[in-house]
Each structure stands twice: as structure tokens, then as C-alpha cells.
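J.: Residue numbers (my numbering): 811 to 1939.
Just so you know, even glycine gets a beta-carbon here, dropped at the ideal spot from N, CA and C.
Quantities reported herein were computed from a predicted structural model and do not represent experimental measurements.
One structure is given below, represented as C-alpha cells, and several questions about it will come after.
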Amino acid sequence: LLQRSAKNDLRRRAIASFAGAKRAQKKSPQRFRRMSTQNMEWSSLAEKNEEWIKMDDRKDNPSKKQSRFQVAKVDFAVEKHSDGESSNGEDDLDQDGDGQPDGQSWNACTYDTHNVRSLRHYTREALPRLDHYRNLMSVHGHMERPTLDELHNATLTLMPDQKQSLEKSARNAADEVAIKGKGAVKLGWIQGVFVRCLLNIWGVILFLRLSWVVGQAGIGLGSGIVILASVVTMLTTLSMSAICTNGEVRGGGTYYMISRSLGPEFGGSIGLIFSLANAVAIALYVVGFSETVRDLCKQQGTYIVDGGLNDIRIVSGVTVICLLGIAIIGTEWESKAQMVLLVILLVAMVDFVVGAMIPPSSAEQSRGYYGWSTAIALENVGPDFQEGENFFTVFAVYFPAATGILAGANISGDLADPQTAIPKGTYLAIIITTISYVFFAIVAGCVTVREANGLPMVNGTTFEDVRNCTLTGGCEYGLLYDSQVMELISAFGPLVYAGIFAATLSSALASLVSAPKVFQALCKDRIFPHIEVFAKGYGKSNEPRRGYLLACAIALGCVAIGELNAIAPIISNFFMAAYALINFSCFHASYAKSPGFRPAFKYYNMWLSLIGAMLCVFVMFIMNWQTALITFAVVLGLYIYISYRKPDVNWGSSTQAQIYKDALNSVYRLQTVQEHVKNYRPQILVLTGDPSHRPPLVDFAYSITKKLSLLICGNVTPHRLTYRSRTALTNRANAWLERRKIKAFYTLVRDEDFTHGVRSMLQSSGLGKLRPNVVMIGYKSNWQTCDRQEVLKYFTVIHDVLDLYMSVCILRLPEGHDYSEYADQDTAVTTNGKKLDMLAVPGGIERENSSGAFPRNISSAQLSMGGSSREPSPPATPHMSRAAGMPGTASEKAPLAEPEPASVVVNVVPQQQHHQGAEDANKTPDEPKELPLSINQFLRKQKKGTIDVWWLYDDGGLTMLIPYLLTTRNNWSGCKLRVFSLANKKEELDREQRNMASLLSKFRIEYSDVTVIPDIVRPPAESSKREFEELVRKWRRTEDDTEVEHDPLEISDSEMLALKDKTYRHLRLRELLQKHSKNATLVAMTLPMPRKSTCSASMYMAWLETLTRDLPPFLLIRGNQTSVLTFYS
């Protein structure tokens, strides 16, 4: 059936194509010819399909022909007829002697493709494709594989509108790839990396300072300086090669590699100063060029204005503008200009070598050039440091020549294959330039003396006379004093000047191209605010023309200053800081042992990378320790700013991997630490449902654990959730916690039974010693009106907590803590249709260490997540119905998620949008005016008052510890502790009071008053008894129900009689609470112990209702009978 369906489909397409061709013939002959060719292909496919069906019918025919294809080229293979003739006249041209197509003879494997076409009809599985692993925003196109739900659930299919959306997204991605890829200029490793590195390393140091280095350090140490600098750059290149071969490298060069390895903090700081350093370096190189032009003009007796600084400014300005024109034209023309400059530079170097072979004239001998001499070579082998120079100062002068290794990496976005081009081109450039520098240093040291006074070689002037500086009052020539030694030795001096011009202009042009491209990548990532305007690219190669103009403006400004000697060391230190971080990036990525760090370049070692980073820092300080400190200060300042601003990006950096590794090691170490009472911390699991539905409960729990211990918000849902729905709910809860500045974890458990779900959560939450030891729940205010099974489940949860040897806390608020109604309804709608959560921190209330002063960005990670799944939108936060009326009446539920509507959408709103609609969201027509105050009651500073602690029974001290921790918070600092306790004997009240005061003093807990209750056993008032009888009337079992099956929630007469004394004690406690704690800010009391098989759920809830009704915020606490306080040091 599938084969016949395929056959009919091919025929229909062929008929439709012929019909379209007839219509096209009338309009466009060219289109008709193109469609005719397509029709022939369809006809051929139809005929071939018929042959397949016929061959399938002849199963007993051993000589049947099978279609075959090459692995590297999926196509219809050329078949041969049974008579041995080719089915196509061009078959002999397409096949080589081995029967393989031309160019594919390396692949000898062929496969039977008889049923390949119909594979998609048999399975939903996707075959491995590179496009499955691309980012959603990749310009090469992203292909989605089937989701796990689509493969696992047999009935899950896509809706028609989703299919249309996917097809439209695929078409848009294909169009974007076609537009961006059309005509883009991509460079190979020679023109893109090798040539650029050569031109930057062969700079003015080669022509103007190498002879001075040899004069000071000698041939031996001079060669050592060159080799040491090459070792530093070689180690940096090792690290850079490992990083750039660990995945695709895009535009941005150094910034891209560091930011994706170490994160946006290091990457952003280095990217900014590296771009600035390259922009200022343009001025440095251009000024060097202009000074040489000015000197040549002086030799000819000409000048532009004054032959001084103004001439340099004019020549430099014109040169910068000319270079800007070359850069704006495009990378292709800039690369051609670099090739021309390289040829000039090579000619100048050959001119020097040829000149060294020519015997010197007498004039040249008077200036210290004597030709090849063993005596001069032996004399110049050792060092002769003068004028306070030493090895490190000479090394600092030379090292800027080796800082051109990133010239190719900085234009990584313009390279055809950066992973191959950057290591190959950079290494080859370093090797060649190192050999050339050592060779030129040896040549200069073997043919030229260190000092020469310039006396003419006439009238018996000897070699010693020329080297005697006292005869002329000082020497002006020789390796130490003459910067034009290269020109002196060369065969044709002007060619050396041409080499100097080529070296300076090539370096300036490379910096002019590198700075905007690195800055463009930085702007695209939006690490810093208000610079996105420079991210726009132009032309087929996405040229940063705005960045070119900015770099040109910076260069012109520096050229106008003219005095750049103070800035030059800072620029060199900026480059060295980038090298140090590249080395450290490789070391850190290797040390973090992330499975994602798998470089294709295998010849690296993390310890060599660390040595390279330390060498770079060492070189920074020996070059100029003041500028090194300035560099560190700038990098540190930018790092702190970016860290404080917290850019919302996710690049999978090694910093993230290291955080995981450190956390894992810390948890392992914590597992081996023995518990001690002095180190006890209340680690709270608060049953909140969706955290945004119960902000006061979450805020109160965080007031206890803030900067102290673990806080987990638990949610139990009875609904089956897909992975994406679960992820969306978790992300929304975490986003709400982050907006509210609450450091907590969120856990979601799916179970149809609330009790079983909580039991699973209690046993599985946490890791190692990071497990909750306290469970906090909200008081069930609607226990009288809700379903009876909910009351039983609520009571069962308390028993489960105690069975697991955990402490329990129950918080009751007068206004309630369930605000799910307002979380679902009272929301503002933005222009894009998204709802904004109104339950957020108000504008006037900020958490400590808030980062609200800096705006936050929408990350590329968020963009790449959007639309990545083909599932329907997940359900919204579980909606909880509330009775009409003020919050806190008999309408609160236990932390139990009710059935949620299937059509609601979960939206995680960015913080920026949230602030825009916060004011409107906090004011809705149906919203009580005091609602924001109730929601945020624990965020603001509490009024001065008391926290009354009714420490009735010794539960290990948790009843006393939690109120004390609250008093250490800023919001509760104005509240004093008042302690109430019971007396064993009414005759010893004074002793009991002194004992309690002494106990609190030993615990080092400050209190304002201690009160001992002597008459707790006094019978309560009759009015209190009547109120309690009315409270439990609904739950009482009547005499007529004796034959009915026992209801565990009903209160029998025997239970009332057995618990009479305990009930009266609780009624008496209520009277005392009304007397002493009516105006307290918070009341904390030991929770009555619910004894199993003794007290029913309804009776226990009646006790809690009696104790907590019509009182300030009330916290019931029951420890696990293990000491959490100690008076030992």
C-alpha cells in the first residue's frame, strides 16, 4: 500500500507540473524550459518507482537489479540493463574503474536503498543530523527532532495551527540562511590568519629596536629574549587552539573565546578594554609611520607646517582616514592590501640579508658596520647593559613585537574554518617569525659593533679610533645608539623605509579591523547597556561600519594628543591581560572537567596553560608594574560591574561547570561532617503550592532561613504534566522567587493523593546533609467548610512529618496567606498579550543586596529557548477557588493544588516588563485596598512591639530558637522577646521564674520579660466551654449514629471525655493568650502533640482553632525532641 501510494503521489506531481508548464509557456519561455526539466525528472521518478514495484514482485529472480547509492551522496544510482549496456549514455563518464562515481572512489561502501524512502512511514524517530544540535538562533538553520512526549505517547499529535507554525518557522530560517550566506566573503587560513599574524609580529621592532636589543643583551641573551617571548605566545596559542577547536567559533575573536569559556564577567571586561586597546593602537602605529615620514622629509629639507608635531598630526590624520576607507570597502579589499604590504615587508627583509653579504664602504665602517667578523661576533655574544637597563627592561621593550598572535583570531567571524585556520596559521607564523628574529639578531650582532663615533676612515683612522667614544664626546652610531642599523646594513636603504611603512600600516590596518569586529560581537551580546547601536552590520560580510567610524574617531583623538608614550605601556598590558585570560580559560575549562570540553586540538595541557597565564602576568609586571596595576584595576572594576548587573546569558562557561564541581565537593565534605548542636540550622520545607499563591508564607519562612540555611518551596499537583509543562511551572516559580529576592529552591511532586505526594516529598527532598528538618505549613482556616477528606489529609500530613522525626511549624495569619485568586486574576496585560504577576516586591520595598539599580537584559539563551518545543502550551499555575470575601476568612486551603484548567498558558515574564506594569497590577477594581499590605506584610519593617513566646513544653528548644532568629533580622529588630512558661508547682513561682531566666541567659538569648503561668489547670470559663461546644457540634457523633460505620472525623462522647482535661487546658490557654498577647506582633507557641489513635483530626483542628482564633500572626512550633540549643562553648 505504501508503494502504491508513493507511485500515485509521483504521478500526481508529474501531472500537476505539466499543467503548470503549459501555463508558464504562455508567460515566460525561460520558466517553461526550467519546468520542463523538472517534469522530466518527475517522469523519471515515476518510471523508476514502477520498476521498484515490479522488482519487488519478482522475489524469486536472483538477477534482479537493486538501486544503490553512495554514503556521501544520496541520489538515485545509475543502473545497468541486463544486456550489459549502460542505461545512460553518460554512465562511463560518471563511473571510474571501480564502479564508483568520480570523486567518491574513497567510499567503497554501498547500501541497498530499496526501502529507505518509506522509513519515515514506519517510525517517528529522527536520524542523527547536525542541524538537530544547532542553536535555535543559528544562521545555518535549526531542525527539531521529535520530543520525548511525541515518541512516548502514541496519541500525541500536532495541531494544524502548530504544523503551520513549524512550517513557517522552517521557511523563515531557510530564507535567513540564504540571505546571510549569499556572497559572504570567507578567508582561508593563509590570507585570514597566517598573513595577518606575520604582518603584526614583523612590526617596527624588527627594523628600529632589534639592533638595540642585541646591543644591550648581546647575541646570546638577545636570542633568549626572542625565544622567551615566543614561549609565552606559543603557550597562549596552545590554549587558544584548544578553546577555538571546542566547538564553532563565531565573530568576536578574543572576546568570544574568553566570554564563552569564563563567562560574561571576564569576557565583557576583556572585550571592552581589548577593543579600546586596538583602537588606540591604531594611533600608535600611525604615529610611528608619520614620524618616519617626517624624518625623511627633514633629510630632504622639506616640511608641511613646522617639521614637528603638527606635521605628525597632519600625516597621521590623513593616514587614518585612508585606512578607514580601505576597511569600509570590506574585508576582502583589506586582505588584498595586507598581501601587498606583506610583499613590501619581505622585500625589505631580503634587502637587509643581501646587504649583510656586501662588503661595507668606508662611510659605513665609520658608523660601526664592518661586515662579517668573528671578533665582533665573539664580542657581541655577551650582554653589555648600559644606562640602567637589565634583562627585564630590554625584554619589556621587545615583547610588544610578539603581541600580534591574535590578529587572525580577532576576525574569526570572517574565516571559512576558524577551528583549523586559527591554530595552523598562528603556529606557523610564530615559528617563522621566531626564526627570522633570531637570524636577524645574529646577523646584526656579527656585522656591527655596539658603539661607533662616526669618524671617517681616513688619515690612518683605525678600528679602535672609531669605537672610542671619548674622541668625539660621545657615540651616535652602533647597535646601542643608532636605530637605523637595519637601513645601514641593507643593500638599498629606501627599501628598509618601505618595510617600516609596510609594518606600521599593516599593524594599524589590522587593529582598525580587529577593534570594531570585537566590539560588534560585544554589542550583540548586550553585556553593557546603550551600546547596541554598534552591533549593526552592513553588506554581505556584515561589516561593522559604525564600529569603524568609532575606532577612527578614537584614533584621531589620540593622534591629536600626540604624546602617546604613556599610553603605549597600558595598551601592551591590556594585550597581556587578554593572553593571560586565554591561558586561564583553557586551564579552568580543563580543571572543571566539564564533559562538554572536548577540543579537537589534542596537544594542550592544563598545567602548561596555567604556566602560560602566570608567565603573562609576570611579563605584565616586569614591563611596567604601575600599568599592570592599572590594568588589573580596570579589569576588576568592569568585572564587578558586570557581576552586579547580572547579564541574563547562558553560554555554558567553565565557571558554571566549576560552580557545579565546587558544590558537589562541598556536599560530599558536608556529608562527612558529624552533626553538632552548635551547628544546628533550621532547614525548612514550606508547603506552598505555587509560591506566588502564598507570598506571606514564603516571606515568613525566608525571614528565618535568610543567609542562614536551606529553604525549599514544595508543590504537590494531582495532574499529569508533560516535561515542558513541569519545566514551565518550575521556571515560573523560580522566576517569581528571584523577583521577590528569595533564595530558595522549588520542588514539584505529582501525585493524585495529596498525602502520598507530601510523604514522597518529605522523603526525597534535599541531598545529603542538605535536607529539610523542619516542615512549615499554613493553617487550614477553612477546615469547617471544606471537604472532610481534606481535613483528614491535612491531619495525616502532620503525623507523617512527626513520624519522619522532623519538626513542624504551622503559621496562621489574620488575613490568611492564600492569594491564588489574585495571582490568577488580578494581572496586567502587556502589548504582547503576556500576563504580569502582581505578587511581586512593591516599588518602595527592596530586599538587601538588591540589583535593581542596574537594568537587566533579555538573554540570547531566552531567545533560543522560545518555541523550541512542538507541544501545546503547558497548563498554568494550579488555580485554587476561594469563597467571596476578604482573604483570611474561612476560605484558605491547605497547600494543595486544585485541578487546573487545561487551556491556561504558563508565562515567565521578564523582570523588565514586570516593573513596567507593576503599578497598574497593584490596583484593580475588585482588589481590596489593604491587599498589598497583607501580601507584603513580612517584607516591610515590623512595628515596635513584642514577640510572645509561649514555651509550654520542652521540644528541644526549637520553640525558642525560631523567634530568636527572627529578632536578628532587620525587619524584626524592633521587637522584643517575651517568654511565657508553665509552673510545675504553684508554690515555687519565683524559683521557676529565676530558673527560666537563668536558662535563657545561659543560651545567650536576650529577652525583655519572663512570665510564669501558675494556674494553667484552672477550669476555663463557661463561655469558653460553650464556644468550644459550638465549634465541634458539626463533628459530634449522635446516639443515632451508633450503628453507622465509624467516621474517623467524628468526635465521640468517649473521646470528649478522655480528652476533657486537655481540652480545658487549651481553653484556659486561649484565655491567657487573650489576656497577655492580644497586642503582640507575633505569637509563637509550642504545638500540641497529636497523639495517634487518641485524638481525631476534627478534635485536633478544634484545639488549634481555639488557640489561634482572633489573635495576631500565630506560629505553632513543635521540635523533634532533640536539642537545638546548648549553653556549652
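With distances taken between CB atoms, is the gap from Ser1085 to Gly1078 smaller than 8 Å?
T.: Cβ atoms of Ser1085 and Gly1078: not closer than 8 Å.
J.: In chain order, what residues of the same chain lie with their CB nearer than 6 Å to the CB of Phe1924, ignoring the 5 residues before and after it?
T.: Within the same chain, Phe1924 has close Cβ partners Arg1622, Val1893 and Thr1918.
J.: I think Ile1240 touches Thr1047, with their Cβ atoms under 8 Å apart; what is that distance to the nearest whole Å?
T.: 6 Å between Cβ atoms; contact.
J.: State the start and end residues of the unbroken alpha helix (DSSP H) segment that holds Leu1480.
T.: Ser1464 to Thr1482 is the span of the alpha helix (DSSP H), which, as asked, contains Leu1480.
J.: Kindly indicate the opening and closing residues of the alpha helix (DSSP H) around Tyr1451.
T.: It spans Trp1435 to Arg1455 - the alpha helix (DSSP H) in which Tyr1451 sits, taken as one unbroken run.
J.: Taking contact to mean at least 3 C-beta pairs separated by less than 8 Å, is the stretch 1252–1263 in contact with the stretch 1278–1293?
T.: The stretch 1252–1263 vs the stretch 1278–1293: in contact.
J.: Please list the segments of the beta strand (DSSP E) lying wholly inside the stretch 1206–1282, counting only runs of 3 or more residues, in order along the chain.
T.: None, since the stretch 1206–1282 contains no complete beta strand (DSSP E) of that length.
J.: Threshold first: 4 residues or longer. Then list the alpha helix (DSSP H) segments lying entirely within the stretch 1023–1106, N to C.
T.: List check, alpha helix (DSSP H) in window: 1064–1072.
J.: Mind reading off the beta-carbon distance from Gln1196 to Val1005? Whole number of angstroms is fine, and I expect it under 8 Å.
T.: Not quite, the Cβ-Cβ distance comes to about 38 Å (not below 8 Å), so this is no contact.
J.: Between the Cα of Asn1393 and those of Val1427, Ile1139, Thr957 and Ala1473, spot the shortest distance and give me the residue it belongs to.
T.: Nearest of Val1427, Ile1139, Thr957 and Ala1473 to Asn1393, Cα basis: Val1427.
J.: What is the residue span of the beta strand (DSSP E) that Tyr1556 lies within?
T.: Element bounds for Tyr1556: Phe1555 to Arg1560.
J.: Could you name the residues of the same chain whose beta carbon sits closer than 7 Å to that of Asp1275, not counting the 5 residues immediately before and after it, in chain order?
T.: Closer than 7 Å at Cβ, skipping near neighbours: Leu1265 and Leu1281.
J.: In three-state DSSP terms, what is Tyr1179?
T.: Looking at Tyr1179 - three-state DSSP - the assignment turns out to be strand.
J.: Take Glu1981 as the anchor and find which of Trp1760, Ala1912 and Leu1119 has the nearest alpha-carbon.
T.: With the chain represented from 811 up to 1939, any question about residue 1981 goes unanswered, as that position is not in the structure.
J.: Buried or exposed: Glu1625, going by 16 or more other Cβ atoms within 10 Å of its Cβ?
T.: Glu1625 is buried by the Cβ-count criterion.
J.: For a cutoff of 8 Å on Cβ pairs, would you count Leu1776 as touching chain C?
T.: No chain C appears in this structure, which consists of one protein chain only.
J.: Any chance you could list the beta strand (DSSP E) runs of at least 3 consecutive residues sitting entirely within the stretch 1548–1622, in chain order?
T.: The qualifying runs are 1555–1560, 1584–1588 and 1617–1622.
J.: Identify which residue in Asp1825, Lys1456, Ser1404 and Ile1421 has its Cα closest to the Cα of Ser1941.
T.: Residue 1941 lies beyond the residue range present for the chain, which begins at 811 and ends at 1939; the question has no answer from this structure.
J.: I think Met1433 touches Asn1383, with their Cβ atoms under 8 Å apart; what is that distance to the nearest whole Å?
T.: Yes, Met1433 and Asn1383 are in contact; Cβ-Cβ is about 7 Å, under 8 Å.
J.: Alpha carbon to alpha carbon, how far is Ser1246 from Gly1063? Give it in angstroms, no decimals.
T.: Going by the C-alpha atoms only, they are around 27 Å apart.
J.: For Glu1702, which of helix, strand or coil comes out of DSSP?
T.: Bear in mind that a pLDDT of 37 at Glu1702, under 50, signals an unreliable position, so the model cannot answer this.
J.: Straight-line CA distance for Thr1482 to Pro1582?
T.: Their backbone Cα atoms lie some 18 Å apart in a straight line.
J.: Leaving out five residues on either side along the sequence, give the residues of the same chain with a beta carbon under 8 Å from the beta carbon of Ala1308.
T.: Counting only Cβ-Cβ distances below 8 Å, and skipping sequence neighbours, we find Ile1154, Val1157 and Ala1158.
J.: Within the same chain, show all residues whose beta-carbon is closer than 7 Å to that of Glu1865, passing over the 5 residues directly before and after it, in chain order.
T.: Once the five neighbours on either side are set aside, the close Cβ partners of Glu1865 are Ser1906 and Met1909.
J.: For the beta strand (DSSP E) that contains Cys1785, what are its first and last residues?
T.: Its beta strand (DSSP E) spans residues Cys1785 to Leu1792.
J.: For Cys1785, which option in Asp1819, Met1806 and Glu1342 has the closest C-alpha, if you only look at C-alpha atoms?
T.: Ranking Asp1819, Met1806 and Glu1342 by Cα distance to Cys1785 puts Asp1819 first.
J.: To the nearest angstrom, how far is it from the Cα of Glu1860 to the Cα of Arg1598?
T.: Straight-line Cα distance between these residues: approximately 10 Å.
J.: Please state the DSSP three-state secondary structure of Pro1806.
T.: For the sequence presented, residue 1806 should be read as Met rather than Pro. Correct three-state label for Met1806: helix.
J.: Starting from Ile1494, trace the beta strand (DSSP E) in both directions and tell me its first and last residue.
T.: Where Ile1494 is concerned, the enclosing beta strand (DSSP E) stretches over Ile1494 to Leu1497.
J.: For Tyr1589 versus Leu1741, is the C-beta distance shorter than 8 Å?
T.: Not closer than 8 Å, so no.
J.: For a quick check, are the C-beta atoms of Ala1166 and Ile1299 less than 8 Å apart?
T.: Contact flag set, yes.
J.: Tell me whether Trp1760 sits in a helix, a strand or coil according to DSSP, three-state version.
T.: The answer is strand: DSSP assigns Trp1760 an E or B state.
J.: Rounded to whole angstroms, how far is the Cβ of Ile1242 from the Cβ of Thr1043, which I believe are closer than 8 Å?
T.: In fact, because the Cβ distance is near 13 Å, the residues do not count as touching under 8 Å.
J.: Out of Trp1761, Ala1363 and Cys1132, point me to the one whose CA is closest to Met1895's CA.
T.: Looking at the Cα atoms, Trp1761 is the closest of the given residues.
J.: Taking 7 Å as the limit between beta carbons, can you name the residues of its chain near Tyr1938, skipping five residues before and five after?
T.: Answer for Tyr1938: no residue qualifies.
J.: Can you name, in chain order, every residue of its own chain whose Cβ lies under 7 Å from the Cβ of Phe1442, other than the five neighbours on each side?
T.: Here the set comprises nothing.
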